Amino acid sequence: MKYLFSAWETVKDQISAKAMLLFFDFDGTLAPIAASPQKAHLPQETLELLKSLSQEKLCRIAIVSGRALTDVKQKIGIESLVYIGNHGLEIEGPEIRHSVTISDAYLKTLQAVKVELQAVINSYKGAFIEDKGLTLSVHFRLVDIEGIIELRNKARAIVLPYSMKNMIKVRSGKMVLEIRPPVLWDKGKAALWLIEKWRPVVKDDAAIALYCGDDATDEDAFRVLADKGITIVVGAHDGSAAQYFLNTQDEVNDLLSNIVQLRKSLS
Ligand SMILES: [Mg+2]
Numbered sequence: 029m030k031y032l033f034s035a036w037e038t039v040k041d042q043i044s045a046k047a048m049l050l051f052f053d054f055d056g057t058l059a060p061i062a063a064s065p066q067k068a069h070l071p072q073e074t075l076e077l078l079k080s081l082s083q084e085k086l087c088r089i090a091i092v093s094g095r096a097l098t099d100v101k102q103k104i105g106i107e108s109l110v111y112i113g114n115h116g117l118e119i120e121g122p123e124i125r126h127s128v129t130i131s132d133a134y135l136k137t138l139q140a141v142k143v144e145l146q147a148v149i150n151s152y153k154g155a156f157i158e159d160k161g162l163t164l165s166v167h168f169r170l171v172d173i174e175g176i177i178e179l180r181n182k183a184r185a186i187v188l189p190y191s192m193k194n195m196i197k198v199r200s201g202k203m204v205l206e207i208r209p210p211v212l213w214d215k216g217k218a219a220l221w222l223i224e225k226w227r228p229v230v231k232d233d234a235a236i237a238l239y240c241g242d243d244a245t246d247e248d249a250f251r252v253l254a255d256k257g258i259t260i261v262v263g264a265h266d267g268s269a270a271q272y273f274l275n276t277q278d279e280v281n282d283l284l285s286n287i288v289q290l291r292k293s294l295s
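Here the sequence shown stands for residues 29 to 295, numbered as in the working numbering.
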């Protein structure tokens, strides 16, 4: 895997293609990782760059997040973007709306799992559950080091019987345990779905896709987009399926500003 800016000459040609379909994860990609989800915010410079890019006629931008759709939409607030929430389960943007059908049985299970998890989490300072309606995130970031491993094991023991029966799907992310519906849908499938919607709109079947993310759930997108464009992982990248990496979250601004300049020089 190559450092993105070392391969820039190659990437630059792709970014200069007619139409571009851009996907950015939120936490740890566009926004620095914060102590809690509420505290995370989009830096002003990033907001300006996204706004500027969203005005390019042949660019389409989607924000892909594990957060609930309404939450991530509110964190960014640019009306013309497409927002993909809950790891792809909810998609909404100008003239685009899609939600994956979720059974009532699953939603009941999810609440039962939440109650069980809450009982364990209560004895770990800093741990909390983020209820995102269709999914849950158990956050460990603020728990002390010894507590993290212990709590992670306890949480896994709670969810295991449910996932064995395929009632839920469980995924480990950065300092987080994600509980999702047992459907074959993820950030990768959502990105592919959106690309199919977008291509006729930009009138370019060869429109290039760019996906930038930092977490385990972004790997689903890196895998399916490998032959469709540019995939970039932010930060630790051992075993990642992405083609390129950036060292730190703040380099995402450099990427955005390079794309903005390139696109402006084309138009
Ligand atoms: Mg992330």
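The beta carbon of each residue, even a glycine, is placed where N, CA and C say it ideally should be.
Every value quoted in this text rests on a predicted model; they were computed, and no experiment measured them.
Worksheet entry | Three or more C-beta pairs below 8 Å linking the stretch 132 to 141 and the stretch 204 to 213 | yes
Worksheet item: Quick one: is residue 278 buried, meaning 16 or more other Cβ sit within 10 Å of its Cβ, or exposed?
Response: Your numbering for residue 278 matches position 250 in the sequence shown. When all chains shown are included, residue 278 counts as exposed.
Item to complete: State yes or no: is the C-beta of residue 202 within less than 7 Å of the C-beta of residue 243?
Response: As a first step, residue 202 must be located in the sequence shown, where it is residue number 174. As a first step, residue 243 must be located in the sequence shown, where it is residue number 215. Closer than 7 Å, so yes.
Practice prompt. In the DSSP assignment, find the unbroken alpha helix (DSSP H) run with residue 89 in it and report its ends.
Written response: Your numbering for residue 89 matches position 61 in the sequence shown. Unbroken run through residue 89 is the beta strand (DSSP E), 87 to 92; no alpha helix (DSSP H).
Discussion item. For ligand 1, I want to know if residue 216 counts as a neighbour, meaning its beta carbon is within less than 6 Å of at least one of the ligand's heavy atoms.
Written reply: The sequence position of residue 216 within the sequence shown is 188, counting from 1. No - ligand 1 has no heavy atom lying nearer than 6 Å to the Cβ of residue 216.
Fill in: Segment limits, alpha helix (DSSP H) that includes residue 74
Position 46 of the sequence shown, counting from 1, holds the residue named residue 74. Counting along the chain, the alpha helix (DSSP H) containing residue 74 begins and ends at 72 to 82.
Worksheet item: Under a three-way DSSP split, which group does residue 225 fall into?
Response: For the purposes of this step, residue 225 is taken as residue 197 along the sequence shown, with counting starting at 1. Of the three classes helix, strand and coil, the one that applies to residue 225 here is helix, per DSSP.
Worksheet item: Where do the N-terminal and C-terminal ends of the beta strand (DSSP E) with residue 53 fall, by residue?
Response: The residue labelled residue 53 in the question sits at position 25 within the sequence shown. Segment 48 to 53, the beta strand (DSSP E) holding residue 53.
Worksheet item: Nearest-angstrom Cα distance between residue 168 and residue 38?
Response: As a first step, residue 168 must be located in the sequence shown, where it is residue number 140. As a first step, residue 38 must be located in the sequence shown, where it is residue number 10. In a straight line, the C-alpha of residue 168 is about 39 Å away from that of residue 38.
Item to complete: Verify the contact flag: residue 113, CB atom, against every heavy atom of ligand 1, threshold strictly below 6 Å.
Response: Mapped onto the sequence shown, residue 113 falls at position 85. Incorrect: residue 113 has no Cβ contact closer than 6 Å to ligand 1.
Worksheet item: Ends of the beta strand (DSSP E) at residue 197?
Response: Residue numbering aside, residue 197 sits at position 169 when the sequence shown is read from its first letter. Element bounds for residue 197: 197 to 201.
Practice prompt. Return the first residue and the last residue of the beta strand (DSSP E) that residue 156 is part of.
Written response: In the sequence shown, counting from the first residue as 1, residue 156 sits at position 128. 156 to 159 is the extent of the beta strand (DSSP E) around residue 156.
Item to complete: Examine ligand 1 and report whether any of its heavy atoms sits within less than 6 Å of the Cβ of residue 116.
Response: Looking up residue 116 in the sequence shown gives position 88. Outside the cutoff, so no.
Discussion item. My output table needs one value for residue 107: the three-state DSSP class, helix, strand or coil.
Written reply: Translated into the one-based positions of the sequence shown, residue 107 becomes position 79. In this structure, residue 107 counts as coil in the three-state DSSP scheme.
Fill in: Secondary structure of residue 123, DSSP reduced to three states
Within the sequence shown, residue 123 is the residue found at index 95, counting from 1. It is coil, neither helix nor strand.
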